[in-house]
Amino acid sequence: MTVDLKTIHGTGQSGTAAMSAPATALEGGGVKPIEDYLNLGEAELYDRIVDAKRKLGRRLVVLGHHYQRDDVICHADITGDSFKLARLASERHEAEYIVFCGVHFMAESADILSADHQRVILPDLAAGCSMADMAQLEQVETAWEQLQELGINSMMPITYMNSAANIKAFCGRRDGVVCTSSNAVPLFDWALREREKLFFFPDEHLGRNTGVKFGIPLDQMVVWDPRLDLGGNTPEKLIDARIILWRGFCSVHGRFLPRHVDERRAEYPGIKILVHPECRYEVVTKSDLNGSTEFIIKTIAEAEAGSKWAVGTELNLVNRLAKRHPDKFVTLLAPDLCMCATMFRIAPENLLWSLENLVEGRIVNRIEVDEDTAKWARVSLDRMLAIQ
Ligand code: 13P
Ligand code: SF4
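Each residue of the sequence shown is one higher than the one before, starting from 2 at the first, in this note's numbering.
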């Protein structure tokens, strides 16, 4: 595969990363320039990453989300979904440096949950998440005020892990909580017992797919479009709603369509359809099983030899599962879909660059959430960890 290094290393995009982290956060000065790394060959990159990790030893832990590319995930000490990686960050306090191979909101959560002496590093600050960017704090605050003006008071704010730290802090300040795709069901269960209504952001699809598991009718889950007054709803609709869903979606999972399920079933009789709950409701209802990336990995691992699976999630993970389980047939649900472009920004070049700078005592691309935001975001993250 050809990799456009200029794209990977660029920092000029409008993602979460660019907005909430400094372009280059340095400690120590005299940083090794990234340009020195752009023309290295695969084997040299691999060997030098292994060498830098060996030199840093127990001072370093490299965390890798399952959607990372093969040439990066092979260097992760621990892999996981968003929930597992957040929990690890809250438990593993021995390493001084946490190099996060994932996207910006995950690195922010790791910074919030880690101990004071730990430093979290994101090898490319442009590795944001388009879904997280769909809910901006001012928009969420405006929505909350408008709902309160309608007299809606018993409402629980729940944010998906895929959101900026200031959105998590918004929830923390209002007795709300964070959830991930692994624990959305127990968290919704708790929240529905605590308050009359839920306000869920930023993933409309995960919210709806979880709401139906509680028997909530579709017409009691209304969508809030932040561009419109009252989110594009009448006051009556909002007052009657059980769940208010932010209009946001994953640009990868949102592309799977019901026709892809029909096509795969026609092409491979007996195939099972396994999807991530960030997929649309119409896709999830047509599937056989749905769950987080950890659930997807476990399901395929435990499946019978000879079984066939069409998987609706990120391409790097699906390809890896197909390679790891040659006794099973594993394919992407939609043959023409691509990987998560922002996850892909973490490349061996910028991983090596961040590690070799660490070896020389310089911290590059540190992700540091300001104290007040971190304090309140931690409230909502800790609540999640306690309830799930
Ligand atoms: P999980 O890691 O919770 O499965 O979420 C998938 C995802 O889209 C992460 O960005
Ligand atoms: Fe964001 Fe979707 Fe990429 Fe996950 S897969 S980082 S939700 S755009």
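Here a beta-carbon is modelled for each residue, glycine too, at the ideal position from N, C-alpha and C.
Residue i: buried (16+ other C-beta within 10 angstroms of its C-beta) or exposed?
i, result
"residue 172", "buried"
"residue 155", "exposed"
"residue 229", "exposed"
"residue 244", "buried"
"residue 25", "Per-residue confidence for residue 25 stands at a pLDDT of 47, beneath the threshold of 50, marking its modelled position as unreliable; no derived number is given."
"residue 268", "exposed"
"residue 69", "buried"
"residue 356", "buried"
"residue 380", "buried"
"residue 249", "buried"
"residue 214", "exposed"
"residue 118", "exposed"
"residue 261", "buried"
"residue 124", "buried"
"residue 194", "exposed"
"residue 82", "buried"
"residue 205", "buried"
"residue 99", "buried"
"residue 134", "buried"
"residue 40", "exposed"
"residue 218", "exposed"
"residue 265", "buried"
"residue 387", "exposed"
"residue 136", "buried"
"residue 315", "buried"
"residue 385", "buried"
"residue 382", "buried"
"residue 362", "exposed"
"residue 58", "exposed"
"residue 76", "buried"
"residue 151", "exposed"
"residue 105", "buried"
"residue 102", "buried"
"residue 227", "buried"
"residue 370", "buried"
"residue 235", "exposed"
"residue 364", "buried"
"residue 306", "exposed"
"residue 94", "exposed"
"residue 17", "Residue placement at residue 17 is flagged as unreliable, the pLDDT there being 40, under the threshold of 50; the coordinate-derived value follows with that caveat. Residue 17 should be labelled buried."
Check the Cβ-Cβ distances between residue i and every residue of chain B, and say whether any is below 8 Å.
i, result
"residue 354", "Among the chains of the structure shown, chain B does not appear; only one protein chain is present."
Along the chain, where does the beta strand (DSSP E) containing residue i start, and where does it finish?
i, result
"residue 81", "79-81"
"residue 1", "Because the chain in this structure spans residues 2 to 389, residue 1 falls outside the shown range and cannot be described."
"residue 244", "244-247"
"residue 332", "330-333"
"residue 199", "198-202"
"residue 365", "Taken as a continuous stretch (DSSP letters only), residue 365 belongs to no beta strand (DSSP E), as it is neither H nor E."
"residue 32", "No beta strand (DSSP E) contains residue 32, which DSSP labels as neither H nor E."
"residue 144", "Not the beta strand (DSSP E): residue 144 falls in the alpha helix (DSSP H), residues 138-150."
"residue 98", "98-102"
"residue 228", "First-last for residue 228: undefined, no H or E at that position."
The alpha helix (DSSP H) that contains residue i, what's its start and end?
i, result
"residue 215", "Where residue 215 is concerned, there is no enclosing alpha helix (DSSP H), given that its DSSP letter is neither H nor E."
"residue 54", "43-57"
"residue 111", "105-114"
"residue 384", "372-388"
"residue 1", "Nothing can be reported for residue 1, as the shown portion of the chain is limited to 2 through 389."
"residue 132", "131-134"
"residue 238", "236-241"
"residue 253", "Unbroken run through residue 253: none, as it is neither H nor E."
"residue 74", "71-74"
"residue 349", "349-360"
Would you say the region 199-212 touches the region 274-283, given that touching needs at least three Cβ pairs under 8 Å? yes
For the ligand 13P, enumerate in chain order all residues having a CB closer than 5 Å to any of its heavy atoms. 82, 83, 181, 182, 293, 294
Touching by the beta-carbon criterion (3+ pairs, under 8 Å), the region 163-182 and the region 103-111: yes
Any heavy atom of the ligand SF4 within less than 7 Å of residue CB: hits in chain order: 68, 104, 130, 131, 132, 133, 163, 251, 252, 253, 254, 279, 315, 341, 343, 344
Quick one: complete alpha helix (DSSP H) runs, 4+ long, within the region 160-188? 166-174
How do the region 333-349 and the region 360-376 stand: do at least 3 beta-carbon pairs fall below 8 Å, yes or no? no
Would you say the region 324-337 touches the region 300-312, given that touching needs at least three Cβ pairs under 8 Å? yes
How about the region 127-135 and the region 159-173: do they share at least three Cβ pairs that are nearer than 8 Å? yes
At what residue ranges does the region 257-305 contain a whole run of the alpha helix (DSSP H), taking only runs of 4 or more? 259-268, 282-287, 294-303
Given 8 Å, three or more beta-carbon pairs between the region 86-97 and the region 49-65: yes
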